[in-house]
Structure formats: C-alpha cells, structure tokens
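K.L.:
If you read the sequences in order, they're chains A and B. The first sequence runs contiguously to residue 439 in my numbering. The second sequence runs contiguously to residue 439 in my numbering. No residue lacks a Cβ here, since even glycine has one placed at the ideal position from N, Cα and C.
There are 2 protein chains.
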Amino acid sequence: MSGEQEAGPLAAIAAVERDTGLSKDTLRIWERRYGFPQPVRDALGERAYPAEQVEKLRLLKRLMDTGHRPGKLVGLELAQLQALGQGLAQASTPRTGVAAQYWKLLQAHDVAGIRRQLNQALVVLGLERFVVEHVVPMNEAVGEGWMRGELTVAQEHVYTEALQVVLRQAIGSLPGGASPRVLLATLPQEGHGLGLLMAEALLSLHGCHCISLGVKVPLHDLAAAAAMTEADIVALSFSAVFPANQAAAALHELRSLLPEGTAIWAGGSNAALNRRMLAGVEGVRDIALVGGLVARWKQAAIGSAP
Amino acid sequence: MSGEQEAGPLAAIAAVERDTGLSKDTLRIWERRYGFPQPVRDALGERAYPAEQVEKLRLLKRLMDTGHRPGKLVGLELAQLQALGQGLAQASTPRTGVAAQYWKLLQAHDVAGIRRQLNQALVVLGLERFVVEHVVPMNEAVGEGWMRGELTVAQEHVYTEALQVVLRQAIGSLPGGASPRVLLATLPQEGHGLGLLMAEALLSLHGCHCISLGVKVPLHDLAAAAAMTEADIVALSFSAVFPANQAAAALHELRSLLPEGTAIWAGGSNAALNRRMLAGVEGVRDIALVGGLVARWKQAAIGSAP
DNA sequence: CGAACATTTTGTCTAGGACAAACGAGAATG
DNA sequence: CATTCTCGTTTGTCCTAGACAAAATGTTCG
C-alpha cells in the first residue's frame, strides 16, 4: 500500500537532456551531488526520469537562466520555485483585461484569434509601442504562464507563431530603408529567433536596411557576410538560454573579426548583457532604446562622412 | 621543417557536437574505433579539433543522414565524400540558367535579390508548381552547394530566410480554408521548419484550414492540441537529421494518443519515410502528392459524414 | 524469392575522478 | 562609501574504459 507507484511516463536521460536543456553530464552529477533528480532504474539499469521530476528540472533550468544557482534551488519545493519565477514577471506584466483575453484564446489554441488580437494591438499602438509596450510584456507573461503550468509548450508556440506572422507582415509593409545597413543573426548556441524579429521590426521602422541571417549563424560566416554586405552594424540577439560566459567570449572574438568601423549591437534577455560590456560592443539592455541608438548612429555618421 | 602545424582554429568537443550534430560520446568512440577524428590535445589534455576535421565530420554526418553508415565513410577522402553526396542532388537538380542566377545572388548575400527571384518564380509557376518544381530542387541544390564548400552556412540561411518570407506571404494571401482542419508541427528532435511551411502552403492552397504549431512540439502537447482544435489531420515534418528509428517510435506513440478518426500524415526527407509505414499513418514520400491526398480525404469525408 | 537466424556494426549508457572557470563573501584599499 | 583584490566554494565539463541493445547486414534454409 505504501509508495504507490504511478506508472506515469518515464523519460530516458537523452530525452530529459533534450527537453530541459541540461546536459547528461549535468543530470548525472546533480544526482550524485544533490540527490536530485532521483530517477528510477529500468530493467537495464538505466536512469528513467518520472515526468514530475522532468517538470521540476525544466523549471530549475529556466530559473538558472535568469541568474539563480542550482545549489540554492534544488532543495526547494515546486511551489517555491514557481513563486521565485513569478516575482520577475509579475512586476512588469500589466495584468490588464487584454492579457486575460490572450489567455482565453491560448487555452483554445485559437491561432487566428491570437493573430487578430495582436494585429489589433499593432494598429492601435503603432509598431514601436506595439513591440515595446505590448509584445515584451506579453512574452514575459506567456513565459510565466508556462512556468506556472497554466500553458503547455504547444500553446506557447501558438503565441510565438502568431506573433511571428504579425511581425513579419509589419516588417514587410515597411519601406526598405537605406542606411545604416544592419546584419541580424544569432550565434550557433541560440535557437530563438523572436528577439531578432522584434529587433528587425524596430530597426526597419527607424529606417535601417535590415539583412537577417536568422538563427544559428557561425561566427566566421557572420564576419564574412558582414564584409560582403558592407554592413554598418551587426546586431545579435542573446536569449536567457545562451550560456552567459560564452556570449562575452563570442562578442570578443567577433569584435576582432570585424573592421573597427562596423558596430556590434547585442540585445536580448541574456544575463551577460547586464554586466559591463567590452569596448566596441553596444549592449542593448532594453529594446526600447533601439530607436535612440539608431538616431545616435546617424548623427555620428554625418560627422565622420559629411 | 616536417609536419608544419598550421595554427588554424581548434574547436572544443562541445563546439564540434553543436556544429556537426554528432554527440560527444559518438565523437569519442569514433576516435577509439576508427581512428578518426584524431583531435590534438590542448594544454589540459582535452580534445581540440582542427577545422578541417570538423568539416569532414559535418560532411560525414550529412551523408549518414541520407542512409550511409560511418564505418564505410570514415576511411574515405574528403573528395570522395563530396562525390558521394553529389550523386543524390545532381540527378534531380535542373541545372538551368535559373540556378546559376541564385548562385550569384547568394555569393553576394543579396537577400532582396533572392526574394525577388523567388517571387518571380512564384508568380510564373503558381504556388503549387513553385513549391514542387522550384523550391524542392533548389533546396537540394543549396544543400549540395554547402556540401561542396561553395556556400557558407550564412548563405544557406540567406536563402532559407528569403524563402520563408515568400512562402509566408503566399500563405497569408490565400483564403483561409475550412476543411479539413490540419495541425502542423515537428517533434522536439526536429528544428527545421521549412518543410512545415512548404506543407502549409500546399495544404492551404488545397483548401485546408491550417494551424501551425511550429517546431519542437512535445508529443503530448500535440495530442492535446489536436483534441482541442478538433483537427482532422496532424501533419508532421521529418528532415533527414531526425533519428530515423525515433521517428517510427514517435509516430507509433502519437497514433495511440490520437482518436482513430484523426489522420496522421508524415512528410519530409527522413529515411524512415521510405520504409513500410505502420497502419494509420500516411507517409508522404513526395510533397507533390499532398494535393491528391487532400482530395482523397475530402472524398472519404463525404462518404463517412454525408 | 522471402523468411528465419547469426553476425557485425554502431550508438548510447554507466561509473567515478579530475580540474578550471565562475561565483560570492570578506578583506583591503582608494 | 565604493571599488578592487583574494580566497574558498560551487559548478559544469571533460576524461577513461567497459558494457550492451538495437539496427543493419550477411547467410542459410525452405
């Protein structure tokens, strides 16, 4: 009677690595050091993770991406972890009636509805305010919704897809600018392209000529592309998932690969951007600042090449 | 004088894993078994892979994705590997003047030009023929171009980005169909979304109501979404990179998760699709067949629910 | 020619040890 | 009071080497 074993789905270590983003090595050493996770063993003696533990691991990973350390988190209960995560978003999310509407649409996987909702906000606010005041907080709200278990990954994707369509459409309807020429990309470690799209929208809006290479572009290719396209600015996006130390290293290397005249702008929610930036790299802490930066660049350009 | 060591960039094992898609375990065991790769060791005794070997590994991986086995490939020279890869694409690629034009544009990273070129083809051929006769062979040509070292990853991405924009625009300008309701997605192992977009284009064209969840959707979320959206068909895309055995297993599980009335269509360049399909799953070997399948579905629907 | 079996080939898993890089607290300094 | 520096602690990644199942191939038999 004791220890009732729910035969819930068990995940192999490779699946857990894929779903959580924690490497096999890390999973094994956490088990050794902290006693968590504590997978059962299958007939072959291999680790088999109950869904519940995988869920907690996902949460842990997301919190670590925002700067927490595992030693402190591992001991906590699921509820405590969720509470930790809420603090972040709650402060900035405007809990207006609008957010509630999104929620209802997402619950129903209503793609068209979400798209309509987004488009409406776009029309009402205009592109700049739409991105800065609407999309950014909504992104956070959706992330938090997932963290609290109110949203599935699929529902997150419904939102992401719809937003992508709306942004791309908005970008497409903008007149192609001329200068500065901006090359957009993320590095190979980074698979999230939404930040890139948001940046492209604002940059285009401010008259930049955007060339997006999309996601996962090797550093050297990026440098080559910058040379070939005669880019004035190389803009990179770093989500929270990007290993913070590697971000700094990569930016350093990119700086050495590009001619001095080419600016580097780095944006996103990554922790590395809150630290002191190395010389010759502009850390864009807040996407709202993009407009000002472009203006500043144009000013400088007038000075240097009259 | 002998053994001149070019101080070319050395990659750590984690970077090689990321860039090639071969796991650390696999890299180490190939070294043990086949003697390749043969990385040098850095000051810490850790593997450091010369760029040349990484390049060969990338090629190996791509060939393995098309069905070759490593034991046979490892001994071959780079040129021989390239020759192996060419056979595939060369047969199907129409080496018309059009392809050459793309080449020139890609060499210059000319996103706008590529987009124009694609749009032109779209207008001339119409969406169906554009996808089937133009995009599919171009995808292969671009893949082969990368394999022969004529194209960088960044240039591949330029093409991908442009194609994405064009397809999305085409889809957007189509009237939203009503029936059947199709849910599109890829599983968590699969990061490539282009196939999905191509499928969405053709499905929409044939009057389907498409709901795309995008890339990397967990199986259970997908099933839940199918129920919630009352999807008639769940369409999955499997690129060559997807581990073939896992594809079969995943399809099997999905089949058991979905009600019988919900069809499963699986497409893409994955090797698993050329094997015998399990009952209740439609393997779409060629994207050109999508139109016929939709027609067939509509026929059947009339019969079952008059 | 296809089915059943044997034999290779291949990738993933296991274990524990080692170590550098990142972090955080406290001391010392401006 | 803020900054830099030092030093212990925390943490992830890498190492070796062995084991084994699943997939692919080859072989034999009906």
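Who does residue 402(B) pair with in a DSSP beta bridge?
P.N.:
As a working mapping, residue 402(B) is identified with position 269 in the second sequence. In DSSP, residue 402(B) forms no bridge with anything.
K.L.:
Taking 8 Å as the CB-CB limit, is residue 345(A) close to chain B?
P.N.:
Here residue 345(A) corresponds to residue number 212 of the first sequence, with the count starting at 1. Yes, its Cβ sits closer than 8 Å to a Cβ of chain B.
K.L.:
Under a Cβ-count criterion, where at least 16 other Cβ atoms within 10 Å of its own Cβ denotes burial, should residue 326(B) be classed as buried or exposed?
P.N.:
What you label residue 326(B) is simply residue 193 of the second sequence in a count that begins at 1. So residue 326(B) counts as buried.
K.L.:
Would you be able to state if there are at least three C-beta pairs under 8 Å between the stretch 392-399 of chain A and the stretch 361-371 of chain A?
P.N.:
Result yes; three or more Cβ-Cβ pairs closer than 8 Å.
K.L.:
Please return the same chain residues whose Cβ sits closer than 6 Å to the Cβ of residue 439(A), not counting the five positions on each side in sequence.
P.N.:
Taking the first sequence and counting its residues from 1, the one referred to as residue 439(A) is at position 306. Only weak support is given to the placement of residue 439(A): the predicted model assigns it a pLDDT of 46, under 50, and the value that follows is read from those uncertain coordinates. None.
K.L.:
Quick check: what's the CA-CA separation for residue 159(B) versus residue 203(B)?
P.N.:
To locate residue 159(B), count along the second sequence from 1; it is residue 26. To locate residue 203(B), count along the second sequence from 1; it is residue 70. C-alpha separation (whole angstroms): 11 Å.
K.L.:
Rounded to a whole number of angstroms, what is the C-alpha to C-alpha distance between residue 365(A) and residue 286(A)?
P.N.:
As a position in the first sequence, residue 365(A) is number 232, starting the count at 1. As a position in the first sequence, residue 286(A) is number 153, starting the count at 1. The straight-line gap from Cα to Cα measures roughly 37 Å.
K.L.:
One question on the structure: do residue 214(B) and residue 196(B) come within less than 8 Å of each other, judged by their Cβ atoms?
P.N.:
Start at 1 with the first residue of the second sequence, and residue 214(B) comes out as number 81. Start at 1 with the first residue of the second sequence, and residue 196(B) comes out as number 63. Result yes, Cβ atoms of residue 214(B) and residue 196(B) sit closer than 8 Å.
K.L.:
Check whether the Cβ atoms of residue 359(B) and residue 350(B) sit closer than 8 Å, and answer yes or no.
P.N.:
Your numbering for residue 359(B) matches position 226 in the second sequence. Your numbering for residue 350(B) matches position 217 in the second sequence. No, Cβ-Cβ distance for residue 359(B) and residue 350(B) is not below 8 Å.
K.L.:
Please list the partners that residue 308(A) has in chain B, where partner means a Cβ-to-Cβ separation under 7 Å.
P.N.:
Residue numbering aside, residue 308(A) sits at position 175 when the first sequence is read from its first letter. Within 7 Å Cβ-Cβ: nothing; residue 308(A) doesn't reach chain B, min ~13 Å.
K.L.:
Excluding the 5 residues preceding and the 5 following residue 421(B) in the sequence, name in chain order all residues of the same chain whose CB lies nearer than 6 Å to its CB.
P.N.:
What you label residue 421(B) is simply residue 288 of the second sequence in a count that begins at 1. Counting only Cβ-Cβ distances below 6 Å, and skipping sequence neighbours, we find 265.
K.L.:
If we cut at 8 Å on Cβ distances, does residue 324(A) have a partner in chain B?
P.N.:
Within the first sequence, residue 324(A) is the residue found at index 191, counting from 1. Yes, contact with chain B.
K.L.:
DSSP three-state label for residue 415(B), please.
P.N.:
Along the second sequence, one-based indexing puts residue 415(B) at 282. Looking at residue 415(B) - three-state DSSP - the assignment turns out to be strand.
K.L.:
Along the chain, which unbroken stretches of the beta strand (DSSP E) at least 3 residues long are found entirely within the stretch 326-414 of chain B?
P.N.:
Taking only runs of at least 3 residues, the beta strand (DSSP E) segments lying wholly in the stretch 326-414 of chain B are 342-345, 366-370 and 396-400.
K.L.:
For chain A, check one thing: does any of its Cβ atoms lie closer than 8 Å to the Cβ of residue 152(B)?
P.N.:
Locating residue 152(B) in the second sequence gives position 19, where the first residue counts as 1. Yes, residue 152(B) lies at the interface with chain A (some Cβ there is under 8 Å from its Cβ).
K.L.:
Relative to the C-alpha of residue 175(B), which candidate in 169(B), 183(B) and 259(B) has its C-alpha closest?
P.N.:
Working through the second sequence from its first residue, we reach residue 175(B) at position 42. That would be 183(B), whose Cα lies nearest to the Cα of residue 175(B).
K.L.:
Which same chain residues end up closer than 6 Å to residue 426(A) when comparing Cβ atoms and leaving out the 5 residues on each side of it in sequence?
P.N.:
By one-based count along the first sequence, residue 426(A) stands at place 293. Counting only Cβ-Cβ distances below 6 Å, and skipping sequence neighbours, we find nothing.
K.L.:
Residue 152(A) to residue 191(A), Cα distance in whole Å?
P.N.:
Working through the first sequence from its first residue, we reach residue 152(A) at position 19. Working through the first sequence from its first residue, we reach residue 191(A) at position 58. Looking at the two C-alpha atoms, the distance is approximately 7 Å.
K.L.:
Please list, in chain order, the residues of the stretch 334-368 of chain B that have any C-beta partner in chain A closer than 7 Å.
P.N.:
From the stretch 334-368 of chain B, only 344, 345, 346, 347, 350, 351, 354, 355, 357, 358, 361 and 362 have a Cβ closer than 7 Å to chain A.
K.L.:
Please classify residue 378(B) as buried or exposed, where buried requires at least 16 neighbouring CB atoms within 10 angstroms.
P.N.:
Locating residue 378(B) in the second sequence gives position 245, counting from the first residue. Exposed, since its Cβ has fewer than 16 Cβ neighbours within 10 Å.
K.L.:
Just to confirm my understanding: we take residue 250(A), look at its own chain, exclude 5 residues before and 5 after, and list those with CB closer than 7 Å. What are they?
P.N.:
Walking along the first sequence from the start, residue 250(A) turns up at place 117. Cβ neighbours of residue 250(A) beyond the five flanking positions: 234, 235 and 238.
K.L.:
Please give me, in chain order, every unbroken run of the beta strand (DSSP E) with length at least 3 that falls completely inside the stretch 171-238 of chain A.
P.N.:
Segments of the beta strand (DSSP E) lying fully in the stretch 171-238 of chain A: 180-183.
K.L.:
How would you call residue 403(B), buried or exposed, if buried means at least 16 neighbouring beta carbons within 10 angstroms?
P.N.:
On the second sequence, position 270 is the one that residue 403(B) refers to. So residue 403(B) ends up on the buried side.
K.L.:
If we ignore side chains and look at the alpha-carbon of each, how far apart do residue 423(B) and residue 419(A) end up?
P.N.:
Within the second sequence, residue 423(B) is the residue found at index 290, counting from 1. Within the first sequence, residue 419(A) is the residue found at index 286, counting from 1. About 45 Å.
K.L.:
Taking residue 321(A) as the query, report the chain B residues whose CB atoms sit under 9 Å from its CB, ordered along the chain.
P.N.:
Walking along the first sequence from the start, residue 321(A) turns up at place 188. The contacting residues are 148, 151, 152 and 286.
K.L.:
For residue 223(B), which residues in the same chain have their Cβ closer than 6 Å to its Cβ, ignoring the five residues on either side in sequence?
P.N.:
Translated into the one-based positions of the second sequence, residue 223(B) becomes position 90. Any reading at residue 223(B) must be qualified, since the residue scores a pLDDT of 48, below 50, and its modelled position is unreliable; no value is offered.
K.L.:
8 Å is my cut-off, CB to CB: does residue 249(B) come that close to chain A?
P.N.:
Translated into the one-based positions of the second sequence, residue 249(B) becomes position 116. For residue 249(B), the answer is no, since every Cβ of chain A falls outside 8 Å of its Cβ.
K.L.:
Less than 6 Å between C-beta atoms, sequence neighbours within five positions excluded: which residues of the same chain meet that for residue 186(B)?
P.N.:
Stepping through the second sequence from its first residue, residue 186(B) is reached at position 53. Contacts found: 170.
K.L.:
Which residues, in order along the stretch 198-223 of chain B, keep a beta-carbon less than 8 Å from a beta-carbon of chain A?
P.N.:
Cβ contacts with chain A come from no residue of the stretch 198-223 of chain B.
K.L.:
Cβ closer than 7 Å: which chain B residues qualify as neighbours of residue 241(A)?
P.N.:
The residue labelled residue 241(A) in the question sits at position 108 within the first sequence. Ordered by position in chain B, the residues that pass the 7 Å Cβ test against residue 241(A) are 361.
K.L.:
Alpha carbon to alpha carbon, how far is residue 318(B) from residue 257(B)? Give it in angstroms, no decimals.
P.N.:
The sequence position of residue 257(B) within the second sequence is 124, counting from 1. The sequence position of residue 318(B) within the second sequence is 185, counting from 1. One C-alpha to the other measures close to 29 Å.
K.L.:
Given this structure, state the Cα-to-Cα distance separating residue 284(A) from residue 385(B), to the nearest angstrom.
P.N.:
Within the first sequence, residue 284(A) is the residue found at index 151, counting from 1. Within the second sequence, residue 385(B) is the residue found at index 252, counting from 1. Distance between the alpha carbons of residue 284(A) and residue 385(B) is about 26 Å.
K.L.:
If contact means a Cβ-Cβ distance below 7 Å, which residues of the stretch 267-296 of chain B contact chain A?
P.N.:
So the list reads 285, 286, 287, 290, 291, 293 and 294, given in the order they occur along the chain.
K.L.:
Roughly how many angstroms separate the alpha carbons of residue 263(A) and residue 380(A), rounded to a whole number?
P.N.:
Sequence index remark: in the first sequence, residue 263(A) carries index 130 (1-based). Sequence index remark: in the first sequence, residue 380(A) carries index 247 (1-based). Spanning the two alpha carbons is a distance of roughly 28 Å.
K.L.:
Measure the C-alpha to C-alpha separation of residue 314(A) and residue 433(B) and round it to an integer number of angstroms.
P.N.:
Residue 314(A) sits at position 181 when you count from the first residue of the first sequence. Residue 433(B) sits at position 300 when you count from the first residue of the second sequence. Cα-Cα distance, rounded: 53 Å.
K.L.:
Helix, strand or coil for residue 144(A) per DSSP?
P.N.:
Numbered from its first residue, the first sequence carries residue 144(A) at position 11. Strand at residue 144(A).
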